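As given, the protein sequences belong to chains F and R, one line each in that order.
Letter by letter, the first sequence follows residues 31 to 193 in the numbering used here.
Letter by letter, the second sequence follows residues -11 to 609 in the numbering used here.
To keep things clear, I will list the structure first and then write my remarks on it.
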Amino acid sequence: MADETLVEEIVRRYDGEIGMLIPMMQDLQTACGYLAVDQLKRLAERLEVPLSRLYAVATFYSSFRLAPKGQHEVTLCVGTVCHLKGAGAISEMIREAFKVEAGGTTPDGLFSFQPVNCVGACALAPVMIVDGKYYDGVSKDSVLKILHGLPLAEPAAKGEGNK
Amino acid sequence: MTVATCKRFSAPADLERFRDELRRRPPAAARTVRVCIGTGCTARGSHKVYELFTQALKEVGAKAEAAKCVGCHGFCERGPIVVVQPGDILYQRVEEPDVAEIFRETIMGGRVVERLLYEDPATKARARTSAEIPFYKAQQRIVLAHNGEIDPKRIEDYVAVGGYAALAKTLATMTPEEVLSEVEKSGLRGRGGGGFPTGRKWRSCREAPGEPKYVICNGDEGDPGAFMDRSVMEGNPHSVIEGMIIGAYAIGSHQGYLYVRNEYPLAVEHLKLAIAQAREFGLLGEDILGTGFSFDIRINRGGGAFVCGESTALMASLEGRPGEPRAKYVHTVEHGLWDKPSNLNNVETWANVPPILNNGSGWFAAIGTAKSKGTKVFSLVGEVVNTGLIEVPMGMTLRQIIFDIGGGVKGGKAFKGVQTGGPSGGCIPAQFLDAPVDFDELTRLGSMMGSGGMIVMSEDTCMVNVARYFTHFLMDESCGKCTPCREGLAQMLAILDRITHGEGQPGDIDQLQKMAGLLEGAALCALGKTAANPVMSTIRYFRQEYDAHIIEKRCPAKQCRGLFRYEISVERCKACGLCRKHCPAEAVSGAKKTPHVIDQQKCTRCGTCLEKCPFDAVLKV
Ligand SMILES: Cc1cc2nc3c(=O)[nH]c(=O)nc-3n(C[C@H](O)[C@H](O)[C@H](O)COP(=O)(O)O)c2cc1C
Ligand code: FES
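Dropping the structure here:
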């Protein structure tokens, strides 16, 4: 499924410089939504470094993901201010109600859940961001309402599958 | 379409000529409007507000520039903020339906829309301009001077307010040595946390053997509750770039890096654009302003790791490796990025450089305290009335900041403490409210300046829980390279978990203190070395709260689940039955028209009744 040209093009974008490994992997993820194993392999081969090096980077930085993301992206701020205003309990509730791990995707692929430390909108705490839209002053109830209201498309969208 | 495009300055005089020309241009319309697109305002829909203004202006045939997107004004609590010129009329909490009225009344009619002005909660007086609002009155803005005033996407705006004048002056009239000594004399200290003298750092890097030398800007801003650097990068990106070019000239560097936090896409976008514009105008790249000096900047995005804010970890990340710090005895000014001399400074530090060179070191050194010069930007957040971004001279007291500017604690609650310095900072209690805020004073109080987060906490905040939160944060973010940090934090967290669950044991505090000592002495990098700060400072000032948890199994702030009870107030209960219906433990009993009661034996202290009660009749005792 993956096309060689993508990796090739990204490598060229940075003149194949190994110092730009992280930007390359970020570009790859932006293009595909996640880091697929075969593409990582190809990137490692192309840069002539062991795959373990890429894996080390991918697992060290929390913004990289090795599995496809859900149809929606849910980010919950659990930074200090949001925490003080109850974000911890909201996060717990989401994980339980939707059977989703922090950084993971719900079993039905509805959304990926990422708790983060401060999105810089502390005046609006607690803050949740769904597909780029900010919700301020959220509570357990309002979060449930928002997340239950998310439309679930046909289960076609496995990564970049059927487009 | 503007004269500006395709203009490349080949001498400092060209820049001045351009500036004159910009200043002589007539304003885009009789009245112009600025809409804040900082994060807080954007989250509340300011983009839409901006679009509506643009549309309305277009319909009456005004130039596109009559409506402007600007960076954070700081008063996030009251966003979206809209300012109409001339007159500096500040409207707050502007929503889509308000646009038509502002347009009709103020922009077309020149009348003020009273109801959208800021109203002083105490005096009920309405303020027309920012200068009349207490939140702004006590501030002194150097770094944020043009935030909220200029369009961060237009280099012309920056130039019109004096941008790149410091660079032109530096390159045309000063030697690198003169720049170094000017920055040294100013007394500028790093705003990223450590407070290291900036001039001294630059000089060490200049004098370190090895080529090339690198200049790096730390825009990782990992501290939760802090958005100072973000606002500068988003709201005035050219000021950071100008500072970096001046620094590079003084140090003798030709390549710079901007390392920006992954969660800040707008900052990346604005910086990218600013870099491209600066290159186009000959302010960046080869032969800057025709002076023969060359320097360029590249942007790297972080990957979402707090530790990458640490200097050696940041450089590892720039080399494409996991961000693991190394021991500090090898200095990065000598052996930094790719083992070459590297100078790293924080965003705000860089943004202070152009004003210092414009106005002179004496001007800067006259602001602040004996050993902390200039101003500091803080993000004032938590349980404070006016959440937002402020800039004040060093030495202002905590009381002035929290009460005069911040408007005090939200909801009229009692002030308990303020957390400064980020996750490895400390909590300062009420008895030190009159302490002047500077690098040394905050350290003396067991906290630190850090990068400038200030989190206000009220009587309802459990300090043990706060310590637990930060310890958890740091454990999560520990890179795992050194054992004291990796294992020590996990052990400390286990103890704190135990205490907040009511299972604390006598001796726990001693144990925590012992481990804190170990961390400070044995951890590899500053993350571990300072990681015990939140615990130590809360033990130092709020020992009685720890004791209440451990000995009495009671949480005085009524936050730790299980360490307080729920009761239903007989007076307030309207017997609606909601709590009874929702209680998962069937612990609530009561009938129609009779106040409900919680069976304390059955109650699991889950708090559902409190959340469900529409009449605030469930009390924590
Ligand atoms: C764990 C850790 C995180 C840090 N995070 C940041 C940060 O986000 N931004 C920053 O400017 N400095 C951060 N620092 C401080 C930097 O290591 C460094 O001291 C600073 O960027 C130097 O710039 P300055 O001299 O201008 O302050 C951090 C330090 C540590 C130990
Ligand atoms: S802590 Fe949540 S936005 Fe800052």
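Every residue, glycine too, gets a C-beta built ideally from N, C-alpha and C.
Given the structure is predicted, the values throughout are model-derived calculations rather than measurements.
Residue 548/R sits in coil when the DSSP states are folded into three classes, being neither helix nor strand.
Judged by their CB atoms, residue 605/R and residue 560/R are nearer to each other than the 8 Å cut-off. For the 8 Å CB-CB criterion, residue 519/R and residue 462/R form a contact. Inclusion of residue 72/R and residue 21/R in the CB contact set at 8 Å is warranted, their separation being smaller than that value. For residue 65/R, the closest Cβ of chain F is nearer than 8 Å.
Put simply, the CB of residue 50/F is near chain R, with a gap under 8 Å to one of its CB atoms.
Residues of chain R whose Cβ lies closer than 8 Å to the Cβ of residue 53/F are, in chain order, 288 and 289.
Around the beta carbon of residue 317/R, a 10 Å sphere encloses fewer than 16 other beta carbons of the protein chains shown; the residue is thus reported as exposed. A heavy atom of ligand 2 is found nearer than 7 Å to the CB of residue 150/F. Inter-segment contact for the stretch 377 to 388 of chain R and the stretch 155 to 166 of chain R is absent: fewer than three beta-carbon pairs are separated by less than 8 Å.
Taking 8 Å as the threshold, the shortest C-beta distance from residue 62/F to chain R does not fall below it. Between residue 48/F and residue 306/R, the alpha-carbon positions lie close to 10 Å from each other.
Residue pairing of residue 608/R in beta bridges, as defined by DSSP: 554/R. With a cutoff of 8 Å on beta-carbon distance, residue 335/R and residue 406/R are scored as not near each other. Rounded to whole angstroms, the gap between the alpha carbons of residue 484/R and residue 147/F is 20 Å. In the three-state reduction of the DSSP assignment, residue 144/F falls in the strand class. For residue 317/R, the three-state secondary structure derived from DSSP is coil.
Annotated three-state conformation of residue 193/R is helix, per DSSP. By the 16-neighbour rule on beta-carbons within 10 angstroms, residue 184/R is exposed. In this structure, the straight-line span from the alpha carbon of residue 493/R to that of residue 419/R is close to 29 Å.
Between the alpha carbons of residue 110/R and residue 386/R lies a distance of about 21 Å. At a cut-off of 8 Å between beta carbons, residue 457/R contacts chain F. The CB of residue 94/F comes closer than 7 Å to the CB of 291 in chain R, given here in chain order. Between the alpha carbons of residue 557/R and residue 579/R lies a distance of about 15 Å.
When 221/R, 523/R and 470/R are compared, the shortest CA-CA separation from residue 513/R is found for 470/R.
Ranked by how close their Cα comes to the Cα of residue 422/R, the residues 31/R, 117/R, 5/R and 392/R have 392/R in first place. The Cβ of residue 85/F sits no closer than 8 Å to any Cβ of chain R. Against chain F, the CB of residue 107/R has no partner CB under 8 Å away; the residue lies outside that interface.
The CB of residue 111/F comes closer than 7 Å to the CB of 213, 369, 370 and 443 in chain R, given here in chain order.
When 207/R, 140/R and 134/R are compared, the shortest CA-CA separation from residue 149/R is found for 134/R. Under DSSP, residue 287/R forms a beta bridge with 246/R. Using a Cβ-Cβ cut-off of 8 Å, residue 90/F counts as an interface residue toward chain R, since at least one Cβ of chain R sits closer than that to its own. Under DSSP, residue 403/R forms a beta bridge with 446/R. In the same chain as residue 555/R, and ignoring 5 residues on each side of it, the C-beta atoms closer than 7 Å to its own belong to 586, 607 and 609, in chain order.
CA-CA distance, residue 369/R to residue 161/F, rounds to 25 Å. DSSP places residue 486/R inside the alpha helix (DSSP H), whose first and last residues are 471 to 488.
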